[in-house]
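Novice:
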Amino acid sequence: MRLTCCHWRSVGELAEALGVAQPTVSHHLAVLRDAGLVLVRPEGRQTFYTLNQDQVALCCGRLARRYAPEVAEPSR
Numbered sequence: 817m818r819l820t821c822c823h824w825r826s827v828g829e830l831a832e833a834l835g836v837a838q839p840t841v842s843h844h845l846a847v848l849r850d851a852g853l854v855l856v857r858p859e860g861r862q863t864f865y866t867l868n869q870d871q872v873a874l875c876c877g878r879l880a881r882r883y884a885p886e887v888a889e890p891s892r
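Letter by letter, the sequence shown follows residues 817 to 892 in our numbering.
#1: Buried or exposed: which applies to Leu893, given that a residue is buried once 16 or more other Cβ atoms fall within 10 Å of its Cβ?
#2: In this structure, does DSSP put Val854 in helix, strand or coil?
#3: For Leu848, does the count of other Cβ atoms within 10 angstroms reach 16, so buried, or fall short, so exposed?
#4: In whole angstroms, what is the alpha-carbon distance linking Gly860 and Arg825?
#5: Alpha carbon to alpha carbon, how far is Thr863 from Arg881?
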């Protein structure tokens, strides 16, 4: 996820950086897109992806409240 955190990246860029086959990256990005965790920007024949930071923060908050409530809402 850190590769898409602050920048738009193509599938090819992500595959090269991760050392993973492009179809594998495409599959995982489709899952993340369907979950709303990445944003998509088509540009010509390429598609670029970036992390949907708002949605990821929301998910992290929910996970923290569920599994680490002392971290999510420390006592005052």
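Glycine included, each C-beta is placed from N, C-alpha and C at the ideal position.
Specialist: Here's the rundown:
#1: There is no way to answer for residue 893, as the model of the chain reaches only from 817 to 892.
#2: strand
#3: buried
#4: 14 Å
#5: 34 Å
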